[in-house]
Amino acid sequence: MSQVTLSTLLRSLLVVGLTCGALSVQAQDVAAAEAAIKAGKCSKCHAVDKEKTGPAYKKVAEKYKGKADAEAKLFTHLTTAPKIKVDGEEEQHVKAKGDEADTKNLVKYILTR
Ligand code: HEC
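Numbering (my numbering), first residue to last: 1422 to 1534.
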């Protein structure tokens, strides 16, 4: 095998390797976000694309599309238990379970539905 073909081959392998790495990181984030949703019992009131007691995550993503403070707003929403209305009754929104990184990951997940 000539030197040129070998280096081309190595370069393609590197590209494939990097692509796979990036994909697996992304897949893990989704899995972590879904685990956080489960842990927080969010699905009692939310779904990805249908309205329940709370808005669909797709609706939320639409509402915040292009807004620079979207991540900060949702992070606050999920860490400070703001007052919300559920069936006409005022109650506090649940806080997300997990640490700051988990919640940021969850916010990213919601904003990319
Ligand atoms: C008891 C029902 C209930 C549960 C459980 C619940 N939510 Fe909500 N959530 C709501 C309601 C109702 C709203 C709408 C509040 C409003 O617009 O004033 C809301 C709003 C939201 C919003 C949009 C906030 C905004 O600024 O537009 C997000 C994001 C969200 N919830 C995520 C979650 C996550 C993540 C969990 C789990 C950790 C969760 N919710 C658990 C009822 C719930």
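We put the CB at the ideal spot given by N, CA and C, even for glycine.
**Request:** Look at Ala1502 and Lys1479 and say whether their C-beta atoms are less than 8 Å apart.
**Result:** Pairing Ala1502 with Lys1479 gives a Cβ-Cβ distance that is not under 8 Å.
**Asked** What is the rounded straight-line gap between the Cα of Thr1497 and the Cα of His1514?
**Response** Linking Thr1497 to His1514 through their CA atoms gives a straight-line distance of about 11 Å.
**Message:** Considering only heavy atoms of ligand 1, does any lie closer than 7 Å to the CB of Lys1519?
**Reply:** According to the sequence displayed, residue 1519 carries Gly and not Lys. No - ligand 1 has no heavy atom lying nearer than 7 Å to the Cβ of Gly1519.
**Asked** Hey, is Gly1487 close to ligand 1, as in C-beta under 7 Å from one of its heavy atoms?
**Response** No.
**Message:** Could you tell me the alpha carbon to alpha carbon distance between Asp1450 and Ala1482, rounded to whole angstroms?
**Reply:** C-alpha separation (whole angstroms): 17 Å.
**Asked** In or out: Val1507 buried (at least 16 other Cβ within 10 Å) or exposed?
**Response** The residue in question, Val1507, is exposed, as its Cβ has fewer than 16 Cβ neighbours within 10 Å.
**Message:** Let me check you understand the geometry: is the CB of Val1507 closer than 7 Å to at least one non-hydrogen atom of ligand 1?
**Reply:** Because some heavy atom of ligand 1 lies under 7 Å away, the Cβ of Val1507 counts as near it: yes.
**Message:** Closer than 7 Å to a non-hydrogen atom of ligand 1 - does that hold for the CB of Lys1462?
**Reply:** Result yes, Cβ under 7 Å from ligand 1.
**Request:** With a threshold of 16 other CB atoms inside 10 Å of the CB of Ala1454, please say whether the residue is buried or exposed.
**Result:** Looking at its Cβ environment, which holds 16 or more other Cβ atoms inside 10 Å, Ala1454 is buried.
**Asked** Under three-state DSSP, which class holds Lys1494?
**Response** The three-state secondary structure of Lys1494, taken from DSSP, is helix.
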